[in-house]
Amino acid sequence: MITERDQFSDWRKSSRSGDSRDCVEVGRTASLIGFADTKRRGRGVVLGLERPLAAEFLAAVKVGRYDLD
Numbered sequence: 001m002i003t004e005r006d007q008f009s010d011w012r013k014s015s016r017s018g019d020s021r022d023c024v025e026v027g028r029t030a031s032l033i034g035f036a037d038t039k040r041r042g043r044g045v046v047l048g049l050e051r052p053l054a055a056e057f058l059a060a061v062k063v064g065r066y067d068l069d
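The UniProt record's numbering applies: residue 1 is where the sequence shown begins, and numbers increase by one.
Dropping the structure here:
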């Protein structure tokens with residue numbers, strides 16, 4: 001679901017990304033995990049997934065399921 005950034009707290013991005021702005025941030029609510037593009041920080045819109053679906057999504061990302069190459 002698409003939702004508003006201010007609904008989420010504890011935003012984080014990978015420490016491996018350094019000062020780069022080409023990253024995804026992850027935030028949370030009691031029932032959702034939010035994903036946002038660091039280049040669009042402050043623009044408000046994020047992808048919010050229920051926690052079990054977010055875990056499946058992250059597992060797929062880690063194994064390269066959505067790689068573009």
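Yeah, the Cβ is synthetic: ideal placement off N, Cα and C, and Gly gets one too.
- Rounded to whole angstroms, the separation of the alpha carbons of K39 and E25 is 10 Å.
- Spatial neighbours of S9 in its own chain (CB-CB distance under 8 Å, excluding positions within 5 residues in sequence) are listed in chain order as G27, R28, T29.
- Taking 4 residues as the minimum length, the alpha helix (DSSP H) runs contained wholly in the UniProt domain "DUF397" (10-62) are 51-62, in order along the chain.
- Here R43 has R5 as same chain residues with Cβ atoms under 8 Å from its own Cβ, once five neighbours each way along the sequence are excluded.
- Linking S15 to D37 through their CA atoms gives a straight-line distance of about 15 Å.
- Ranked by Cα distance from R51, the options R41, K62, F35 are led by F35.
- Cα atoms of S17 and C23: separation of roughly 7 Å, rounded to the nearest angstrom.
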